[in-house]
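Chemist:
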Amino acid sequence: MAKNPVFLYRMLTLAEGWSFVLLLVLGSGLSRVSDIDLVMPLGSLHGALFALLVGSTLLIRRRLGWGFGTTLLALACSVVPLAPFWFHHRKREEFLAAERAVAQPA
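Just so it is clear: in the sequence shown, position 71 is 71 by the UniProt record's numbering, and no numbers are missing.
Okay, structure coming up:
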């Protein structure tokens with residue numbers, strides 16, 4: 001399962017979404033109310049995951065048969081807070097079907 005590119009993309013989508021939430025809530029929130037500053041480490045993690053997600057989206061789009069509109073939507077959702085979760089939910093069945101197809105080669 002770990003070598004399945006669709007599964008890895010799906011997990012990367014969730015990881016990037018959670019890193020954004022953590023950056024906004026913990027990083028920004030804690031730095032305003034205490035001396036704990038997590039913006040730099042969380043920002044670096046989120047930036048790396050964001051770059052991986054953009055690159056992965058451009059690589060996986062052919063395997064999933066996405067056109068320009070779906071690819072643009074996936075990229076736009078990686079910028080808006082909580083949108084990766086919406087996109088993941090909206091495409092869940094497509095992701096799972098593609099994972100099964102990769103797992104059972106013809």
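The C-beta atom is built at its ideal place from N, Cα and C for all residues, glycine as well.
Which of the three DSSP states, helix, strand or coil, is assigned to Leu-42?
Modeler: The residue you call residue 42 lines up with position 42 of the sequence shown. Residue state, collapsed to three classes: helix.
Chemist: Within this structure, are the beta carbons of Phe-50 and Glu-99 separated by less than 8 Å?
Modeler: The sequence position of residue 50 within the sequence shown is 50, counting from 1. The sequence position of residue 99 within the sequence shown is 99, counting from 1. Their beta carbons are not under 8 Å apart, which means Phe-50 does not touch Glu-99 by this criterion.
Chemist: What does the alpha-carbon distance come out to for the pair Gly-67 and Leu-73?
Modeler: Here residue 67 refers to the residue found at position 67 of the sequence shown. Here residue 73 refers to the residue found at position 73 of the sequence shown. Taking the straight line from one Cα to the other gives about 10 Å.
Chemist: How about Leu-22 and Leu-42: do their beta carbons lie closer than 8 Å?
Modeler: As a working note, residue 22 is residue 22 in the sequence shown. As a working note, residue 42 is residue 42 in the sequence shown. Yes, Cβ-Cβ distance for Leu-22 and Leu-42 is below 8 Å.
Chemist: May I ask you to report which of helix, strand or coil DSSP gives Leu-26?
Modeler: Against the sequence shown, residue 26 aligns to sequence position 26. Correct three-state label for Leu-26: helix.
Chemist: With a cut-off of 8 Å on the beta carbons, I'd call Gly-27 and Leu-38 a contact; round off their distance for me.
Modeler: Position 27 of the sequence shown, counting from 1, holds the residue named residue 27. Position 38 of the sequence shown, counting from 1, holds the residue named residue 38. Yes, Gly-27 and Leu-38 are in contact; Cβ-Cβ is about 5 Å, under 8 Å.
Chemist: When DSSP labels each residue in this structure, what does Pro-5 get in the three-state scheme?
Modeler: One-based indexing of the sequence shown puts residue 5 at position 5. In this structure, Pro-5 counts as helix in the three-state DSSP scheme.
Chemist: Considering Trp-66, what are the terminal residues of the alpha helix (DSSP H) in which it resides?
Modeler: The residue you call residue 66 lines up with position 66 of the sequence shown. Neither: Trp-66 is in no alpha helix (DSSP H) and is coded neither H nor E.
Chemist: Answer yes or no: do Leu-45 and Ser-19 have a C-beta to C-beta separation smaller than 8 Å?
Modeler: Mapped onto the sequence shown, residue 45 falls at position 45. Mapped onto the sequence shown, residue 19 falls at position 19. Against a cut-off of 8 Å, the Cβ pair of Ser-19 and Leu-45 comes out as a contact.
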